[in-house]
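When we follow our numbering, the leftmost residue of the sequence shown carries the number 282, and every step to the right adds one.
Quick reminder that beta carbons are idealized off the backbone N, C-alpha and C, glycines included.
What follows is a single structure, written as structure tokens, with notes after it.
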Amino acid sequence: MSEAMPAPAETSAAVLAAAGFPKMPARALMALVVSEEGWLTAAQLGEVLGASPAAVSGAVRYLQTVGFVHRVSQPGSRRDRYALPDNAWYVASLRQNPVYERLADLADATAAALPEDSGARARVNEMASFYRFLMSRLPELLDEWEQARVEA
């Protein structure tokens with residue numbers, strides 16, 4: 282793959298970045314998504330993205346950490362390839378669940394430090410409730426998604 286990413290993929294990466302996803306990992310993710318095989322080597326990613334080896338290394342390290350990418354050895358080669366798991370979105374969503382619990386716990390701690398009858402405390406308590414709601418519903422939602430994938 283030696284051509285640049287399609288413009289809509291670059292736009293998707295920009296939307297991810299605007300939503301808080303780091304820019305280079307977003308671009309690397311979209312390059313992998315639109316690649317024919319669902320995997321690229323670091324050199325191929327660098328070529329597609331017009332990025333340095335250091336930028337590619339940082340991007341794939343981030344993507345590995347959040348569960349969107351895994352490294353696969355290539356038999357007979359010293360080069361690894363970076364591949365999307367079969368259920369990349371599902372896996373990454375499951376990995377984010379502990380974040381919601383941590384945010385809910387931090388919101389509880391923040392609320393405890395605020396005056397009891399304050400509007401601020403009520404808003405922070407609602408934040409904690411929202412994250413706990415997400416935690417309770419996420420497993421069911423992911424099960425529904427898995428079923429929809431099987432039926433599609």
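Cut-off 6 angstroms between Cβ atoms - residues of its own chain near residue i, not counting five sequence neighbours on either side
i, result
"Leu297", "Ala307"
"Ala433", "none"
"Tyr412", "Tyr381, Leu384 and Ala385"
Chain E within 8 angstroms of residue i, Cβ atoms only
i, result
"Phe411", "The question asks about chain E, but that chain is absent: this structure has only one protein chain."
Neighbourhood of residue i by C-beta, 7 angstroms cutoff - its chain only, sequence neighbours within 5 removed
i, result
"Asp389", "Ala409"
"Ala392", "Arg402, Val405, Asn406 and Ala409"
"Ser293", "Met311"
"Pro334", "Ala323 and Gly327"
Close Cβ partners of residue i (< 8 angstroms) along its chain, the five nearest in sequence each way excluded
i, result
"Leu321", "Met282, Ala312, Leu313, Val329, Arg362 and Tyr363"
"Ala416", "According to the sequence shown, residue 416 is Met rather than Ala. Result list for Met416: Asn378, Tyr381, Glu382 and Ala385, in chain order."
"Glu284", "Val329"
"Pro396", "Arg402"
Short Cβ contact (8 angstroms threshold) for residue i with residue j
i, j, result
"Met286", "Ala336", "no"
"Ala299", "Ala340", "no"
"Ala288", "Val315", "no"
Best match in the options for proximity to residue i [C-alpha to C-alpha]
i, options, result
"Arg342", "Ser354, Ser358, Ala323 and Arg359", "Ala323"
"His351", "Arg430, Ser358 and Pro366", "Pro366"
"Trp370", "Pro303, Trp426 and Glu284", "Trp426"
"Gln428", "Asn368, Gly400 and Gln355", "Asn368"
"Pro303", "Leu344, Gly400, Gly319 and Pro396", "Leu344"
Using 8 angstroms as the cut-off, can you tell me whether the segment 327-344 makes contact with the segment 380-396, which would need three or more C-beta pairs spanning the two stretches below that distance? no
Margin query: My parser needs the alpha helix (DSSP H) runs of 4 or more residues fully inside the segment 308-344; what are they?
Written below: 323-330
inquiry  = Give the list of continuous alpha helix (DSSP H) stretches no shorter than 4 residues that lie fully inside the segment 344-420.
reply    = 369-393
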